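Chemist:
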Amino acid sequence: MFLMKAIQDKYIRNTEGLNNSDSVAFVVLNVKGRDLLGLDEENDDLDDANREIYLHKLDIPPTPFENVKYFYPYAKNPESVTYGRDFESQRDAGKAHQYAYTYESDREKIEMLFANVDDTNETMSSIVAQIASENSEFSAVTQWADFKTKLSEYKQSGNTGKDKEITVLSWRKFSRHFNRVYEKNHHLFNDNIESIKGE
559 MFLMKAIQDK YIRNTEGLNN SDSVAFVVLN VKGRDLLGLD EENDDLDDAN REIYLHKLDI
619 PPTPFENVKY FYPYAKNPES VTYGRDFESQ RDAGKAHQYA YTYESDREKI EMLFANVDDT
679 NETMSSIVAQ IASENSEFSA VTQWADFKTK LSEYKQSGNT GKDKEITVLS WRKFSRHFNR
739 VYEKNHHLFN DNIESIKGE
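For the sequence shown, this note's numbering assigns the number 559 to the initial residue and increments by one for each residue that follows.
#1: Less than 8 Å between the beta carbons of T700 and E669, yes or no?
#2: For Y712, name the three-state secondary structure that DSSP assigns.
#3: I think R643 touches L595, with their Cβ atoms under 8 Å apart; what is that distance to the nearest whole Å?
#4: Hey, would you say A633 sits closer than 8 Å to H745, going by beta carbons?
#5: Consult DSSP for P631 and reduce its assignment to one of helix, strand or coil.
#6: Does the distance from the CB of R665 to the CB of A703 come in under 8 Å?
#7: Note down the Cα distance separating T621 from V639, rounded to an integer number of angstroms.
#8: Within a Cβ cutoff of 6 Å, which residues of the same chain sit near P636, ignoring the five residues on either side of it in sequence?
#9: Inspect the beta-carbon positions of F629 and L597 and report whether they are closer than 8 Å.
#10: If you run the structure through DSSP and keep just helix, strand and coil, what is A698?
#11: Pull up the CB-CB distance for L671 and F736, whole angstroms please, since I reckon it's below 8 Å.
#12: Look at the Cβ atom of K713, then the Cβ atom of W729, and state whether they are nearer than 8 Å.
#13: Note down the Cα distance separating V586 from S715, rounded to an integer number of angstroms.
#14: Determine whether the beta carbon atoms of I618 and A564 lie at a separation below 8 Å.
#15: Taking the C-alpha atoms as reference points, what is the distance between F732 and N625?
#16: In the structure shown, what three-state DSSP assignment does F732 receive?
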């Protein structure tokens with residue numbers, strides 16, 4: 559974090575006043591509670607001695623990161639995914655946003671849900687390719703609920719769509735894994751994106 563802050567400050571200082579389209583940005587993935595959800599907040603624990611080190615020895619202002627944006631997974635109760643941070647204040651300041659997955663925008667990304675699934679015969683990859691194909695029955699689907707309905711049809715004996723090489727057992731395995739992720743994160747799979755913007 560210190561190195562990233564130093565890079566940001568040095569860059570801002572060296573390009574100040576220049577008509578330069580270059581920029582420096584960091585993508586930080588928060589995996590440890592609330593630690594990284596206050597990068598734009600002052601550090602009240604920094605004492606005067608350490609402030610002097612920052613200012614005079616390192617030539618780095620002891621200030622928070624600038625131009626910080628937080629992207630939280632969508633939830634009806636934002637506090638459940640923000641680890642107690644004041645989501646309303648962050649949102650009102652233009653710093654906090656929620657994201658969700660719509661079927662039309664994200665169906666081609668379904669393969670990411672299977673990154674850790676053993677797929678030695680690449681049947682899961684074949685199913686994902688079929689779902690993403692414009693020529694498949696899935697191309698007419700526009701909502702996650704309809705996708706689940708269509709998926710349940712492929713789980714039935716004798717119905718594997720046009721690709722007869724993908725067995726019903728493979729479709730069932732695919733469906734089990736997808737449904738497990740979907741049920742656990744059902745708020746994230748949200749086709750009503752307007753309701754998210756309004757909340």
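For glycine and all other residues, C-beta sits at the position ideal for the given N, C-alpha and C.
Values in this document were obtained by computation on a predicted structure and should not be read as measured data.
Modeler: Answer, in terms of the structure:
#1: By 1-based counting over the sequence shown, the position of residue 700 is 142. By 1-based counting over the sequence shown, the position of residue 669 is 111. Result no, Cβ atoms of T700 and E669 do not sit closer than 8 Å.
#2: Translated into positions along the sequence shown, residue 712 becomes position 154. Reduced to three states, the DSSP call for Y712 is helix.
#3: Looking up residue 643 in the sequence shown gives position 85. Looking up residue 595 in the sequence shown gives position 37. About 5 Å separates the two Cβ atoms, so the contact holds.
#4: Position 75 of the sequence shown holds residue 633. Position 187 of the sequence shown holds residue 745. Yes; because the gap between Cβ atoms is below 8 Å, this pair is in contact.
#5: Start at 1 with the first residue of the sequence shown, and residue 631 comes out as number 73. DSSP places P631 in strand when its eight states are reduced to three.
#6: The count along the sequence shown starts at 1 and reaches residue 665 at position 107. The count along the sequence shown starts at 1 and reaches residue 703 at position 145. Against a cut-off of 8 Å, the Cβ pair of A703 and R665 comes out as no contact.
#7: The residue you call residue 621 lines up with position 63 of the sequence shown. The residue you call residue 639 lines up with position 81 of the sequence shown. Rounded to whole angstroms, the gap between the alpha carbons of T621 and V639 is 26 Å.
#8: One-based indexing of the sequence shown puts residue 636 at position 78. Closer than 6 Å at the Cβ level, and outside the excluded window around P636, lie F645.
#9: Taking the sequence shown and counting its residues from 1, the one referred to as residue 629 is at position 71. Taking the sequence shown and counting its residues from 1, the one referred to as residue 597 is at position 39. It is not a contact, given that the beta carbons lie outside the stated cut-off.
#10: Within the sequence shown, residue 698 is the residue found at index 140, counting from 1. In this structure, A698 counts as helix in the three-state DSSP scheme.
#11: As a working note, residue 671 is residue 113 in the sequence shown. As a working note, residue 736 is residue 178 in the sequence shown. Contact between L671 and F736 holds: CB atoms are separated by about 6 Å, below the 8 Å threshold.
#12: Against the sequence shown, residue 713 aligns to sequence position 155. Against the sequence shown, residue 729 aligns to sequence position 171. Taking 8 Å as the cut-off, the Cβ atoms of K713 and W729 count as close.
#13: In the sequence shown, counting from the first residue as 1, residue 586 sits at position 28. In the sequence shown, counting from the first residue as 1, residue 715 sits at position 157. V586 and S715 have their C-alpha atoms roughly 46 Å apart.
#14: Here residue 618 corresponds to residue number 60 of the sequence shown, with the count starting at 1. Here residue 564 corresponds to residue number 6 of the sequence shown, with the count starting at 1. Note that the C-beta distance between I618 and A564 is below 8 Å.
#15: If you number the sequence shown from 1, residue 732 lands on position 174. If you number the sequence shown from 1, residue 625 lands on position 67. Between the alpha carbons of F732 and N625 lies a gap of roughly 41 Å.
#16: Residue 732 sits at position 174 when you count from the first residue of the sequence shown. The answer is helix: DSSP assigns F732 an H, G or I state.
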